[in-house]
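Q: Residue numbers (our numbering), protein chains in the order written: chain A, 32 to 235; chain B, 62 to 639.
Backbone N, C-alpha and C fix where the C-beta goes; we use that ideal spot for every residue, glycine too.
The structure follows.
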C-alpha cells in the first residue's frame with residue numbers, strides 16, 4: 032500500500048486510545064476511506080496487496096463484495112480501476128444476504144445488478160480506491176488499517192466525533208495534529224467540512 | 062402436545078373452554094397447524110373481525126423440547142389487513158410454555174356478546190377465563206407488569222396493546238421474552254385485531270410442574286441436537302455475525318447493494334445508513350452497558366437480539382431488528398438510532414407491526430404530513446395511533462389505507478400488506494416472493510434452504526437469470542416447512558452451507574417424532590401448507606392478478622442501478638405450478 036499522504040490528505044491526526052475503543056471507529060470504516068494502491072488489476076490481486084489480507088482470509092471471510100455498488104461473484108475476473116469503491120463484508124443473514132453472497136446459490140435472484148465483466152484497456156498503475164469495511168471484516172481488519180492510517184472526509188470525521196459519547200473521549204490517551212500535541216476535547220470542535228484527513232489510531 | 066384447546070368467546074352464558082384430541086390435525090405444528098385449521102374451519106368470505114374468524118396460536122412440532130432454536134410460535138387467522146390467510150410468526154417464551162402445557166393449538170372462536178375484556182389463565186390445573194375491564198386500553202408494558210404482580214415472574218404472556226383493542230389492521234400479538242417483557246411480536250397482517258375482536262386482552266401461560274416434551278428416541282435426539290448446535294455455532298453467520306451485530310448487520314450491505322428502500326421507495330440508498338447500521342447500533346449499546354448478544358427465548362444459541370438502553374442508561378427496548386431500523390429509519394429518512402429505538406418501543410407497547418408502521422409513516426411523509434427525516438413527527442404519528450385519534454385510526458390501518466386516504470400513488474404493498482426492507486427492483490428474486498406469497502409482501506415467506514439441497518423442481522444454476530421463479534418456489538416450500546417445526550428461520554444459513562447440519566435437523570425431527578424424516582418429507586410438508594393457504598385465498602376471492610407488485614415498481618427506475626422490476630407476469634403465475 033502506498034503512502035496516502037502523497038495523494039489526498041491535508042491534515043494528519045494521530046490518536047492514541049485504549050484498545051477497547053478501537054471498535055468505536057467501525058462507523059467510519061463503513062462510510063468509506065481512501066487508500067492509494069495498485070489499480071487496473073483484478074479485485075483478488077488488489078485485495079491480496081492490502082495489509083492484513085491474504086488469499087485464505089478473502090476466500091473464507093470476505094463472502095460479500097461490492098465493486099461500485101455491484102455484487103461481485105468472480106474476484107479473479109473483476110478489474111478495479113482508479114476511483115472505484117470497493118466494499119467488503121462477511122457472509123450475511125437473511126435471504127437477501129444469501130442472494131448477495133458471491134457465487135452463492137441465489138446469485139441469479141439479483142443478476143440485474145451483479146458486476147459484469149467489462150473490456151478494460153487500463154494497465155496496472157498507482158491510483159486511489161475508496162474502501163468500505165463492514166461487520167466482521169471491519170472488526171478484524173479495522174485495527175490494522177487504522178494503525179496504518181485511513182484517509183476520510185473531514186465532514187464524516189466531524190460528524191463522527193460529534194456523536195461520540197463521554198465514554199469514548201475518556202479512553203483517548205493522546206492526540207496529535209500534524210505532529211503537534213492537541214488537547215483531546217479540541218477534536219470535537221474541529222470544523223472539517225471540506226478537508227480530507229489522514230487519521231491514524233494506535234491503541235495502548 | 063396431544064390436544065387442542067378451543068375457547069368459544071361467544072358461548073351462551075359466557076366464554077367456555079373445551080379440549081379435544083388432535084384428530085385430523087395430528088402431526089402438525091406451527092404454520093402447518095394454523096393454516097390447516099384456518100383453511101378447513103374459517104369461511105373464507107367471513108369478515109376478519111366477525112364471529113366466524115378464528116385466531117389459532119400453535120407451537121412448532123419441536124417446541125417444548127430441548128431442541129435448540131425451537132421456540133417459534135405461529136399465529137393464524139383470516140387477516141384483517143390482506144383479507145387472505147395469515148400466519149404471523151414470533152419468538153419469545155410462549156411457544157415452549159404452551160407446548161409443555163400439552164397444547165398443539167389454542168383456538169379462539171366466536172365473538173363476545175358485549176365489550177367485556179377478558180384474560181385467560183392456563184396452567185396445569187386447566188383454563189380460567191376471567192372478565193377484567195381494568196385492563197382496557199393498557200399498553201403491553203404496563204399490562205405485563207400488572208400480570209407479573211398477579212401471576213409471578215415465571216409465566217409467559219400473550220397479549221395485545223391498544224391497537225389490538227381498537228381492531229387496527231396493523232395490530233400485533235405480543236409474546237413475552239425471557240425477561241418477561243412484551244418485545245416479541247407476531248407482527249404481520251393484523252392478527253392483534255382478531256384477538257381484540259375476540260375480546261381477549263392477555264393469555265397467561267404457566268407451565269409450572271409441567272415436564273419438558275420428551276423425544277421418542279432420547280439418545281438419537283441428544284446426539285442430533287448436539288450436532289445441530291455445533292453446526293450453528295461454527296457457521297460465520299449464526300456463530301459470529303448475528304450474535305455480534307444482530308439482524309441489523311444487514312443495513313450497510315443492503316444499502317451498498319442499492320436495495321435499501323429510502324424515502325418511501327424513491328431511491329435505493331440512504332445517506333445516513335452507516336449512522337443506523339448494526340455496527341453503529343452495537344457500539345451505542347456497548348457504550349451504554351446494554352446487552353449486545355441475547356436470545357429471545359430459552360434454547361436459542363444464535364442470540365441475535367439484545368437490550369437497548371437510552372442515553373441515561375435505562376432500558377428502552379430490545380435491540381431493534383433490521384426490518385424495524387429500515388422501516389422507521391431509511392424508509393422515513395431518519396438517521397437517529399435513539400429515535401428509531403423509541404419508535405420500536407412505542408410499537409411494542411401499543412402492539413403495532415414495525416414494518417407496517419414504518420411503511421405507513423413513509424407514505425404519510427410522501428403525502429406531506431411530515432418531512433422525510435423528521436423523527437419527532439414520526440414519533441408523534443405513532444402516538445396518535447396509540448391514542449386512537451382520527452389520524453391515528455387511519456395510520457393504524459396500514460400503508461394501503463393511508464395511501465388511499467391521502468391520495469398517494471406510490472404505496473408499497475402486495476395484497477394490502479407493506480413490503481419489507483429489500484427493494485424488489487434491485488433484488489428481483491425477492492420481488493417474486495413478495496408478489497406471489499400467500500401472506501402478502503413478506504420477506505420471510507421465501508427464506509429457508511436452497512433448492513439445490515432439497516432439489517425441488519430440479520437443480521438451478523445460480524448464475525443463470527432464469528432461475529428466479531424456480532428458486533422462489535423452492536424457498537417458499539422450504540420456509541413453510543421450517544415454520545411448521547417451530548425452528549427459527551435463521552437456522553437456514555447453517556443448513557444451506559453445511560450438509561451435516563441439515564442432516565442433524567432431519568435427525569432431530571426423526572428422533573423426536575419417531576418417524577424417519579427425509580428431505581422429501583420436508584418438501585411434501587411445505588407443499589401441503591402452501592396448498593392449504595392457496596386454496597383458502599382462492600376461495601376468499603384472490604386470483605393471479607393479486608400476485609403482482611404495485612405498478613410503480615415496473616415503471617419507476619430505482620437509483621443507483623436505474624432498473625425496474627422485470628419479471629414477467631406469466632412467469633409469476635408459474636411459481637405455484639408444481
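1. Please return the same chain residues whose Cβ sits closer than 6 Å to the Cβ of residue 338 (chain B), not counting the five positions on each side in sequence.
2. With DSSP as the reference, identify every bridge partner of residue 73 (chain A), one or two as the case may be.
3. List, in order along the chain, the chain A residues whose C-beta lies closer than 8 Å to that of residue 624 (chain B)?
4. Look at residue 319 (chain B) and residue 310 (chain B) and say whether their C-beta atoms are less than 8 Å apart.
5. Between the region 115 to 149 of chain A and chain B, which residues of the former have a C-beta closer than 8 Å to a C-beta of the latter?
6. For the structure I just gave you, are there three or more beta carbon pairs, one from the region 451 to 464 of chain B and one from the region 473 to 489 of chain B, closer than 8 Å?
7. Pull up the CB-CB distance for residue 413 (chain B) and residue 231 (chain B), whole angstroms please, since I reckon it's below 8 Å.
8. Inspect the CB distances between the region 241 to 254 of chain B and the region 534 to 546 of chain B and report whether three or more fall short of 8 Å.
9. Which residues does DSSP list as the beta-bridge partners of residue 255 (chain B)?
10. Counting only C-beta atoms, is residue 513 (chain B) closer than 8 Å to chain A at any point?
11. How would you label residue 91 (chain A), buried or exposed, when you count the other beta carbons within 10 angstroms and need 16 or more for buried?
12. Using a C-beta cutoff of 8 Å, does residue 163 (chain A) count as contacting chain B?
13. For a test of the three-state rule: what should DSSP assign to residue 436 (chain B), helix, strand or coil?
14. Below 9 Å between beta carbons is the criterion; list the residues of the region 367 to 382 of chain B that meet it against any residue of chain A, in chain order.
15. Quick one: what's got a C-beta closer than 7 Å to residue 72 (chain B)'s C-beta in the same chain, skipping five residues either side?
16. Identify the contact partners of residue 341 (chain B) in chain A, using a Cβ-Cβ distance below 9 Å as the criterion.
17. Check whether the Cβ atoms of residue 126 (chain B) and residue 91 (chain B) sit closer than 8 Å, and answer yes or no.
18. Among residues of its own chain, excluding the 5 on either side of residue 378 (chain B), which ones have a beta-carbon nearer than 6 Å to its beta-carbon?
19. Where does residue 607 (chain B) fall in DSSP's three states?
20. With a CB to CB cut of under 6 Å and the five nearest residues on each side skipped, what residues in its chain are close to residue 43 (chain A)?
21. Is residue 328 (chain B) helix, strand or coil when you go by DSSP?
22. I need the straight-line Cα distance from residue 34 (chain A) to residue 193 (chain A), nearest angstrom please.
23. Would you say residue 311 (chain B) lies against chain A (beta-carbon separation less than 8 Å)?
24. Please list the partners that residue 156 (chain B) has in chain A, where partner means a Cβ-to-Cβ separation under 8 Å.
25. Take every Cβ of the region 282 to 290 of chain B, pair it with every Cβ of the region 445 to 458 of chain B, and state whether three or more of those distances are shorter than 8 Å.
26. Leaving out five residues before and five after residue 347 (chain B) in sequence, what residues of the same chain have Cβ atoms less than 7 Å from its Cβ?
27. Would you tell me roughly how many angstroms separate the C-alpha atoms of residue 550 (chain B) and residue 558 (chain B), rounded to the nearest one?
28. Taking 8 Å as the CB-CB limit, is residue 518 (chain B) close to chain A?
29. When you compare only the Cα positions, how much space is there between residue 223 (chain A) and residue 184 (chain A)?
30. Which of the three DSSP states is assigned to residue 84 (chain B) in this structure?
31. Examine chain A for any beta-carbon lying closer than 8 Å to the beta-carbon of residue 570 (chain B), and answer yes or no.
32. At a CB-CB cut-off below 7 Å, which residues of chain A make contact with residue 488 (chain B)?
33. Sort B:98, B:82, B:418 by Cα distance to residue 597 (chain B) and report the nearest one.
34. Alpha carbon to alpha carbon, how far is residue 144 (chain A) from residue 176 (chain A)?
35. So, at 6 Å on beta carbons, what are the nonlocal neighbours of residue 146 (chain A) in its own chain, with the 5 sequence-adjacent residues on each side left out?
36. With a Cβ-Cβ cutoff of 8 Å, do residue 115 (chain B) and residue 102 (chain B) count as a contact?
A: Concretely, from the data shown:
1. Residue mapping note: residue 338 (chain B) aligns to position 277 of the second chain, counting from 1. Hits under 6 Å: 312, 313.
2. Counted from its first residue, the first chain places residue 73 (chain A) at position 42. For residue 73 (chain A), which the question treats as bridged, DSSP gives the partners A:110.
3. Looking up residue 624 (chain B) in the second chain gives position 563. In chain order: 143, 144.
4. Translated into the one-based positions of the second chain, residue 319 (chain B) becomes position 258. Translated into the one-based positions of the second chain, residue 310 (chain B) becomes position 249. It is not a contact, given that the beta carbons lie outside the stated cut-off.
5. 118, 120, 121, 122, 123, 124, 125, 126, 127, 128, 129, 130, 131, 134, 135, 136, 137, 138, 139, 140, 141, 142, 143, 144
6. yes
7. For the purposes of this step, residue 413 (chain B) is taken as residue 352 along the second chain, with counting starting at 1. For the purposes of this step, residue 231 (chain B) is taken as residue 170 along the second chain, with counting starting at 1. Indeed, because the Cβ distance is near 5 Å, the residues count as touching under 8 Å.
8. no
9. Taking the first residue of the second chain as 1, we reach residue 255 (chain B) at position 194. Its beta-bridge partners do not exist; DSSP assigns none.
10. Here residue 513 (chain B) corresponds to residue number 452 of the second chain, with the count starting at 1. Per-residue confidence for residue 513 (chain B) stands at a pLDDT of 40, beneath the threshold of 50, marking its modelled position as unreliable; the derived number appears in the next sentence. Yes - at least one Cβ of chain A is within 8 Å of the one on residue 513 (chain B).
11. The residue you call residue 91 (chain A) lines up with position 60 of the first chain. With fewer than 16 other Cβ atoms within 10 Å, it is exposed.
12. Position 132 of the first chain holds residue 163 (chain A). By this cut-off, residue 163 (chain A) is an interface position.
13. Taking the second chain and counting its residues from 1, the one referred to as residue 436 (chain B) is at position 375. In this structure, residue 436 (chain B) counts as helix in the three-state DSSP scheme.
14. 372
15. Counted from its first residue, the second chain places residue 72 (chain B) at position 11. Taken in chain order, the residues that qualify are 171.
16. Here residue 341 (chain B) is taken as the residue at index 280 of the second chain, counted from 1. By Cβ distance, chain A contributes 57, 58, 61, 194.
17. For the purposes of this step, residue 126 (chain B) is taken as residue 65 along the second chain, with counting starting at 1. For the purposes of this step, residue 91 (chain B) is taken as residue 30 along the second chain, with counting starting at 1. Not closer than 8 Å, so no.
18. Counting from one through the second chain, the residue named residue 378 (chain B) turns up at place 317. If we look at residue 378 (chain B) and ignore the five residues flanking it on each side, its Cβ neighbours are 369, 402, 405, 406.
19. Translated into positions along the second chain, residue 607 (chain B) becomes position 546. Reduced to three states, the DSSP call for residue 607 (chain B) is helix.
20. Here residue 43 (chain A) refers to the residue found at position 12 of the first chain. Excluding positions up to five away in sequence, the list reads 209, 229.
21. Residue 328 (chain B) sits at position 267 when you count from the first residue of the second chain. Residue state, collapsed to three classes: strand.
22. Along the first chain, read from residue 1 onward, the residue named residue 34 (chain A) stands at position 3. Along the first chain, read from residue 1 onward, the residue named residue 193 (chain A) stands at position 162. Per-residue confidence for residue 34 (chain A) stands at a pLDDT of 47, beneath the threshold of 50, marking its modelled position as unreliable; the derived number appears in the next sentence. Computed Cα separation, rounded: 28 Å.
23. Within the second chain, the letter at position 250 stands for residue 311 (chain B). Yes, its Cβ sits closer than 8 Å to a Cβ of chain A.
24. Reading the second chain from its first residue, position 95 is the one you call residue 156 (chain B). Here the premise fails: no neighbours, minimum Cβ distance about 21 Å.
25. no
26. Here the question's residue 347 (chain B) lines up with position 286 in the second chain. The residues are 353.
27. Start at 1 with the first residue of the second chain, and residue 550 (chain B) comes out as number 489. Start at 1 with the first residue of the second chain, and residue 558 (chain B) comes out as number 497. Distance between the alpha carbons of residue 550 (chain B) and residue 558 (chain B): 14 Å.
28. Stepping through the second chain from its first residue, residue 518 (chain B) is reached at position 457. Its pLDDT being 37, under 50, residue 518 (chain B) is placed unreliably by the model, and the measurement read from it follows with that caveat. Answer no: the Cβ-Cβ gap between residue 518 (chain B) and chain A never drops below 8 Å.
29. The count along the first chain starts at 1 and reaches residue 223 (chain A) at position 192. The count along the first chain starts at 1 and reaches residue 184 (chain A) at position 153. C-alpha separation (whole angstroms): 8 Å.
30. Taking the first residue of the second chain as 1, we reach residue 84 (chain B) at position 23. Residue 84 (chain B) falls in the helix class under three-state DSSP.
31. Start at 1 with the first residue of the second chain, and residue 570 (chain B) comes out as number 509. Taking Cβ atoms only, chain A never reaches closer than 8 Å to residue 570 (chain B), which makes this a no.
32. The residue you call residue 488 (chain B) lines up with position 427 of the second chain. Under the 7 Å cutoff, chain A gives 127, 130, 140, 141.
33. What you label residue 597 (chain B) is simply residue 536 of the second chain in a count that begins at 1. Closest option to residue 597 (chain B), Cα to Cα, is B:98.
34. Looking up residue 144 (chain A) in the first chain gives position 113. Looking up residue 176 (chain A) in the first chain gives position 145. Between residue 144 (chain A) and residue 176 (chain A), the C-alpha separation is close to 29 Å.
35. Looking up residue 146 (chain A) in the first chain gives position 115. Once the five neighbours on either side are set aside, the close Cβ partners of residue 146 (chain A) are 98, 101, 103, 109.
36. Looking up residue 115 (chain B) in the second chain gives position 54. Looking up residue 102 (chain B) in the second chain gives position 41. Cβ atoms of residue 115 (chain B) and residue 102 (chain B): closer than 8 Å.
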